[in-house]
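Novice: Take a look at this one; I'll ask things after.
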Amino acid sequence: MQARSAPSSLPSSRYSRSSLYSIYTVLLKEYGMQGWWPLLAHQGMNPTKTGSITGYHPGDYSFPKNEQQRFEICIGAILTQNTSWVQVEKALKALNQLNALTIEGMAKLSLQRLKIAIKPAGYFNQKAKKIREFVVFFTYLDGRTPSREELLSVWGVGPETADSILLYAYHVPSFVVDAYTRRILSHLRLIEETASYNDIKAMMEQALPQEVVVYQEYHALLVEHAKQQYSKKPYSQDILLSRIHR
DNA sequence: AACCAGGACGTGA
DNA sequence: TCACGTCATGGT
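Pasting the structure below:
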């Protein structure tokens with residue numbers, strides 16, 4: 005680790021830290037448990053989630069239940085880069101039809117068929133390459149949990165994808181920062197717009213209990229809240245603003 | 001008909 | 001380090 009200067013762009017007062025936790029409790033009361041990461045098919049799936057047909061499992065944190073589901077989460081994390089989950093779901097279903105949501109099946113799939121299958125998720129040339137790179141890495145892991153640095157060394161895996169894989173596929177408490185997180189926290193003036201990914205991640209992890217369930221739900225709740233209130237500009241008066249004092 | 005969607009990478013200051 | 005262009009399909 006190299007020495008780093010303190011991020012001047014972040015408020016570090018007690019007020020902002022407690023605000024970050026109260027945001028979580030407010031969102032949880034408002035929207036309920038989110039049941040991420042969505043999986044194609046499993047027992048007890050919940051079909052009533054915004055923007056998706058099936059796959060969520062609120063209150064059940066026992067996923068993934070096997071290596072295949074773990075693999076599916078990883079592939080979904082790559083496919084959802086800058087793409088809505090509805091589109092990713094189409095791609096995942098197409099892959100599943102080809103028996104390519106297993107490591108063995110994916111390894112057999114031709115590049116051309118892979119590209120066609122994931123086309124709905126966009127960037128199919130890049131994402132096909134990313135998936136193939138990840139398959140090599142996943143095989144190399146041989147069931148071991150990767151470190152964040154290992155994940156980041158894989159071509160096509162950036163900070164958010166790495167943290168999503170750690171948090172949802174491996175239950176490692178690593179907070180996921182996405183565009184919605186930055187948008188909401190910035191609008192609430194809890195961060196500067198220019199705050200870096202790692203700055204925001206560090207702030208969240210310092211403010212919250214370092215628990216997988218909290219990180220999973222918080223991230224998913226921010227996404228749900230953003231879909232409700234931050235999809236189109238100008239952003240309206242956030243319901244959180246009147247409720248995060250203390 | 002622009003604009004956005006659960007980003008990452010390559011490039012040149 | 002960082003700002004900017006590129007990648008691509010499909011919703012609203």
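Residue numbers for the first sequence, in the working numbering: 5 to 250.
Don't be surprised by glycine CBs; every beta carbon is placed ideally from N, CA and C.
Quick one: is Asp203 buried, meaning 16 or more other Cβ sit within 10 Å of its Cβ, or exposed?
Specialist: When all chains shown are included, Asp203 counts as buried.
Novice: Buried or exposed for Gly39, going by 16 or more other Cβ atoms inside 10 Å?
Specialist: Buried.
Novice: Could you say which of Arg187, Glu93, Leu24, Ala224 lies nearest to Pro4 if we only look at CA atoms?
Specialist: Limits of the chain in this structure are 5 at one end and 250 at the other, which puts residue 4 out of reach.
Novice: Look up Tyr174 in the DSSP assignment and say whether it is helix, strand or coil.
Specialist: Here Tyr174 sits in coil by DSSP.
Novice: Could you say if the region 108-126 and the region 56-66 meet the contact criterion of at least three C-beta pairs nearer than 8 Å?
Specialist: Contact between the region 108-126 and the region 56-66 is absent, because fewer than three Cβ pairs lie under 8 Å.
Novice: State the Cα-Cα distance for the pair Asp146 and Phe75, rounded to the nearest angstrom.
Specialist: C-alpha separation (whole angstroms): 12 Å.
Novice: Below 8 Å, how does it come out for the region 149-160 and the region 205-212: are there three or more Cβ pairs, yes or no?
Specialist: The region 149-160 vs the region 205-212: no contact.
Novice: What residue from Phe142, Arg148, Leu83, Glu93 has the CA that sits closest to Asn129's CA?
Specialist: Answer by Cα proximity: Leu83.
Novice: For the region 161-168 against the region 100-109, do three or more pairs of beta-carbon atoms, one drawn from each stretch, fall closer than 8 Å, so that the two count as touching?
Specialist: Result no; under three Cβ-Cβ pairs closer than 8 Å.
Novice: Note down the Cα distance separating Ala45 from Lys94, rounded to an integer number of angstroms.
Specialist: Going from the Cα of Ala45 to the Cα of Lys94 covers about 13 Å.
Novice: Flag this pair as yes or no: are the beta carbons of Ile248 and Ser26 separated by less than 8 Å?
Specialist: Yes. Within cutoff.
Novice: Under 8 Å between the Cβ atoms of Leu192 and Val180?
Specialist: No. Outside cutoff.
Novice: Between the beta-carbon of Glu221 and the beta-carbon of Leu32, is there less than 8 Å?
Specialist: It is a contact, given that the beta carbons lie within the stated cut-off.
Novice: Of the residues Ser178, Ile243, Lys97, which one's Cα is nearest the Cα of Gly59?
Specialist: Closest by alpha carbon: Lys97.
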